[in-house]
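Numbering (our numbering), first residue to last: 53 to 418. Ideal Cβ positions, reconstructed from N, Cα and C, are used throughout, including at glycine. Report on the following structure.
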């Protein structure tokens, strides 16, 4: 009797285990979940094609028996069953613990914030899942405008000198927030007055596909300036207003090309003796400085004795010295002459620099 009871208990336990195994086998379901929605570009502009990539995973433990379909709905309100604007079938199996991507193309005609919904297996629940509450996901797409501005207008050479060819670099920036995919041009006006029409401009372009926060350097020239000075230049981007922007009032900028020249001046003239005697030899010391903004080449320094005014041309004066090294900006050159006078009276003495043929082109020749 005890042996029979033991065999019956063993049989009962075996049946219970088999029933549990059968129940576990019946609980195999897929679980389709939308995990992420990506867009490219991330800052689209009005009318631009936007690639929408929907990421879905099968978090269940079975492969769907029916085809997996992803639906797209453009609305601020979550979609009802079978409510969609676009759909896409997967076309391949969707096994457990795998990810599948669905790609759509959308565009929006105007700036603004638009809500987008992705819903997997949204129509009639063709796929039986372990969880039907995690099939949707939404994101906001911000459609904005770009904004063309000018960062700088400057010569390609930092310190040009007269006669040197110079290019002008205009740096354009899209301050965003969206890409600019409309054609635009840049214009340059070499004038002091602010340009008011496109006809005043030398134009360069067209330019396309200008991402937010990107820069574009546009070069004009070369130009040659034959004299020193400051030459104003205006740059104007999108003068024809082809691009719809967030701000149309910041499309102009004024710059300048500063042409540098040396400027040789006599800084001092001193004598070694305040009141020399007749026939006494004494020293006359002359200091010359380059007060300009560019280096000076070789030049002549001379002194003129007993002249009412400094001679305009010192080529015939006997007392002179030639500085072949030239002078850098703000550098000085000092030279000494030894002279004497045979007559007791007041004598006038002049020091002159670069008056024999004006070898150095200067900012001021007076």
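The Cβ atoms of residue 86 and residue 189 lie closer than 8 Å to each other. If the five residues before and after residue 275 are omitted, its C-beta is found closer than 8 Å to the C-beta atoms of 217, 218, 219, 220, 242, 309, all from its own chain and listed in chain order.
Comparing alpha-carbon positions, the option among 390, 105, 401, 374 lying closest to residue 407 turns out to be 374. With respect to residue 226, residue 200 sits close: the two C-beta atoms are nearer than 8 Å. Distance between residue 156 and residue 117, taken at the CA atoms: about 24 Å.
Check the Cα spacing between residue 164 and each of 285, 89, 95, 295: the tightest is with 95. Scanning its chain for C-beta atoms nearer than 6 Å, with the 5 sequence neighbours on each side dropped, one finds around residue 352 the residues 372, 374, 408, in chain order.
Taken through DSSP and simplified to helix, strand or coil, residue 319 comes out as strand. Rounded to the nearest whole angstrom, the CA to CA distance from residue 301 to residue 192 is 30 Å. Residue pairing for residue 167: DSSP places it in a beta bridge opposite 192. If you draw a straight line from the Cα of residue 93 to the Cα of residue 119, it is about 30 Å long.
Counting C-beta atoms within 10 angstroms of its own C-beta, residue 396 has fewer than 16 neighbours from the protein chains shown and is therefore classed as exposed. Within the same chain, Cβ atoms closer than 7 Å to the Cβ of residue 362 are found at 356, 402, 404, the five residues on either side in sequence being excluded. Taken in chain order, the unbroken stretches of beta strand (DSSP E) that lie wholly in the segment 354-381 and span 3 residues or more are 372-375. 8 Å or more divides the Cβ of residue 344 from the Cβ of residue 376. DSSP places residue 271 inside the beta strand (DSSP E), whose first and last residues are 267-276. Contact between the segment 288-301 and the segment 314-325 is absent: fewer than 3 CB-CB pairs across the two stretches fall below 8 Å. By the criterion of at least three beta-carbon pairs nearer than 8 Å, the segment 169-184 is in contact with the segment 105-113. Cβ contact annotation for residue 255 (same chain, cutoff 6 Å, sequence separation greater than five): 237, 239, in chain order. Residue 126 is bridged by DSSP to 168. One alpha carbon belongs to residue 233, the other to residue 97, and they sit about 8 Å apart.
Residue 235 and residue 272 have their alpha carbons spaced roughly 19 Å apart. The Cβ atoms of residue 278 and residue 212 do not sit closer than 8 Å to each other. Just measuring C-alpha positions, the residue of 105, 210, 170 sitting nearest residue 129 is 170. Contact between residue 230 and residue 264 holds: their C-beta atoms lie close to 6 Å from each other, under 8 Å.
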